[in-house]
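Please read the structure below before turning to the comments.
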Amino acid sequence: MEQAELIWKNGEFIPWEQATVHVLSHGLHYGTGVFEGIRCYDGEQGPAIFRHREHLERLHRSAQLYYMEIPYTADELATATRELIRRNNLGSCYIRPIAFRGYGEMGLYAQSAPIEVTIAVWPWGSYLGDEGKSHGIRAKVSSWRRISPDSLIPHAKASGQYLNSILAKTESAAAGYQEAILLDERGFVCEGSGENIFMVVDGELLTPPQSASILDGISRDSVMQIARDLGYEVRERDILRSELYRADEVFLTGTAAELVPVREIDDHPIGEPGPVTKRLQQAFEDALYGRDSQYLRWLDPITRIRDAAPAA
Ligand code: PPE
């Protein structure tokens, strides 16, 4: 991975190499961490963070679901992040805040293990490749089902839960595909290993509902809003695996991946990116880079005057 100079850790800006943890950190042993993936785009008005507030609110919600209290407000984390990007002299970058139980107590009920919070930022290119973004990727339906709400919390973005995504992703990569599509515990389509999924049928946009154990993706929400604004019908409903094979178009959405067309699923051709996918991909990109005034409300510019508070 690419490095940056500084990482924010528990309120301080420290050198990248020094941002380490103790080997007995609780989160390392039990997966007790919650995190976010956010992106900053060097767009029309200078660098700005896409839907910053929504991501930080989701971070706090994920923490609450696992009985963890983050000792910083969303506002404090937002200010720290903007400052971190400025101090690292970055424009477009990926942002990874994580809150995890640190060192202090082992065992499953380790309420005294402190909650540590770090934020890292670094340049990270398109997750599934530029080629994938322009020509589509080949995906495989995983033999692993997405974590069920009977056992974990699909709505939380929690570290330990990603073992499920890693099994699916590793299986698909070993079989020569670029991404895995997971079904939920009922056998309906859920999402990619790190992206939500959409299909286009007869000009209508369909995506699995919250009840299909999805992560409530912020890119998903943005693309749904953009699609409706463009006049498309958007419906959340359960989708069968076989419906994907027969769809006119299929694409994935996520912060790291952005909007990526799927051109083949389980060796069934979907085809080169279709007109709806291409139009939404362009409109989404325009929103990310501040080229569409309608969606400027989604951007948090990093050059905010009010961050430049005088030292106390
Ligand atoms: N589902 C999962 C399981 C998921 O991890 C992500 C984001 C999404 C859906 C899409 O959510 P959103 O980014 O809010 O639109 N995955 C993050 C982590 C990827 C990684 O490899 O790490 C991301 O895209 O940043």
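In the numbering used here, the protein residues as written are 164 to 475. Every residue gets a Cβ at the ideal spot worked out from N, C-alpha and C, and that includes glycine.
>> According to DSSP, is Ala475 part of a helix, a strand, or is it coil?
In response: Unreliable placement is indicated for Ala475, whose pLDDT of 49 sits below 50; the coordinate value is still reported in the next sentence. Coil, per DSSP.
>> One question on the structure: do Met362 and Glu406 come within less than 8 Å of each other, judged by their Cβ atoms?
In response: With a cutoff of 8 Å on beta-carbon distance, Met362 and Glu406 are scored as near each other.
> From Ala273, Phe198, Arg224, Ala226, pick the residue whose C-alpha is nearest to that of Ile258; which is it?
Replying inline: Nearest option by C-alpha distance: Phe198.
> With respect to 7 Å, is the separation between the Cβ of Asn252 and the closest non-hydrogen atom of the ligand PPE below this value?
Replying inline: No; taking the cut-off as 7 Å, the Cβ of Asn252 has no heavy atom of the ligand PPE nearer than that.
> Going straight from the alpha carbon of Gly130 to that of Ser188, what length do you get?
Replying inline: Residue 130 lies beyond the range of the chain shown here (164 to 475); nothing can be said about it.
> Under the DSSP definition of a beta bridge, which residues are partnered with Pro371?
Replying inline: Answer by DSSP bridge pairing: none, since Pro371 is not bridged.
> Among residues of its own chain, excluding the 5 on either side of Trp171, which ones have a beta-carbon nearer than 6 Å to its beta-carbon?
Replying inline: Within the same chain, Cβ atoms closer than 6 Å to the Cβ of Trp171 are found at Ala243, Leu247, Ile282, the five residues on either side in sequence being excluded.
> What three-state label does DSSP hand Glu448 in the structure shown?
Replying inline: Of the three classes helix, strand and coil, the one that applies to Glu448 here is helix, per DSSP.
>> Less than 8 Å between C-beta atoms, sequence neighbours within five positions excluded: which residues of the same chain meet that for Ala475?
In response: Model confidence at Ala475 stands at a pLDDT of 49, short of 50, so the residue's coordinates are unreliable; what they give is reported in the following sentence. Cβ neighbours of Ala475 beyond the five flanking positions: none.
>> My parser needs the alpha helix (DSSP H) runs of 4 or more residues fully inside the region 183 to 216; what are they?
In response: Those alpha helix (DSSP H) runs which fall completely within the region 183 to 216 and span 4+ residues are 189 to 193.
> Between which two residues does the alpha helix (DSSP H) containing Met387 stretch?
Replying inline: Segment 381 to 392, the alpha helix (DSSP H) holding Met387.
>> Counting C-beta neighbours from all protein chains within 10 Å, is the total for Asn359 16 or more, i.e. buried, or is it exposed?
In response: Buried, because 16 or more other Cβ atoms sit within 10 Å of the Cβ of Asn359.
> Are Tyr408 and Leu368 closer than 8 Å when you measure CB to CB?
Replying inline: Cβ distance not < 8 Å, so Tyr408 and Leu368 don't count as in contact.
>> Three or more C-beta pairs under 8 Å: does that hold for the region 251 to 270 against the region 384 to 398?
In response: As far as the Cβ criterion goes, the region 251 to 270 does not touch the region 384 to 398, which means the pair count is below three.
> Given a threshold of 16 other Cβ atoms within 10 Å of its Cβ, counted over all protein chains shown, does Thr370 qualify as buried or as exposed?
Replying inline: By the neighbour-count rule (16 or more Cβ atoms within 10 Å), Thr370 is buried.
> Can the beta-carbon of Ile377 be found closer than 8 Å to that of Glu354?
Replying inline: Contact flag set, yes.
> Cβ of Asn359 within 7 Å of any heavy atom in the ligand GDP?
Replying inline: Among the ligands present in this structure, namely the ligand PPE, the ligand GDP is not found.
>> Can you tell me whether Glu354 sits near the ligand PPE, meaning its C-beta is under 7 Å from at least one heavy atom of the ligand?
In response: At least one heavy atom of the ligand PPE is nearer than 7 Å to the Cβ of Glu354, so yes.
> Is any heavy atom of the ligand PPE found at a distance shorter than 7 Å from the C-beta of Ile381?
Replying inline: Checking the Cβ of Ile381 against the ligand PPE gives yes.
>> Applying the 10 Å Cβ sphere with the 16-neighbour rule, what's the burial state of Trp179?
In response: Counting C-beta atoms within 10 angstroms of its own C-beta, Trp179 has fewer than 16 neighbours from the protein chains shown and is therefore classed as exposed.
> Starting from Gly295 and walking both ways along the alpha helix (DSSP H), at which residues does that stretch end?
Replying inline: For Gly295, the enclosing alpha helix (DSSP H) stretches over residues 293 to 298.
> What are the residues that DSSP puts in a beta bridge with Pro464?
Replying inline: Pro464 pairs with Ala211.
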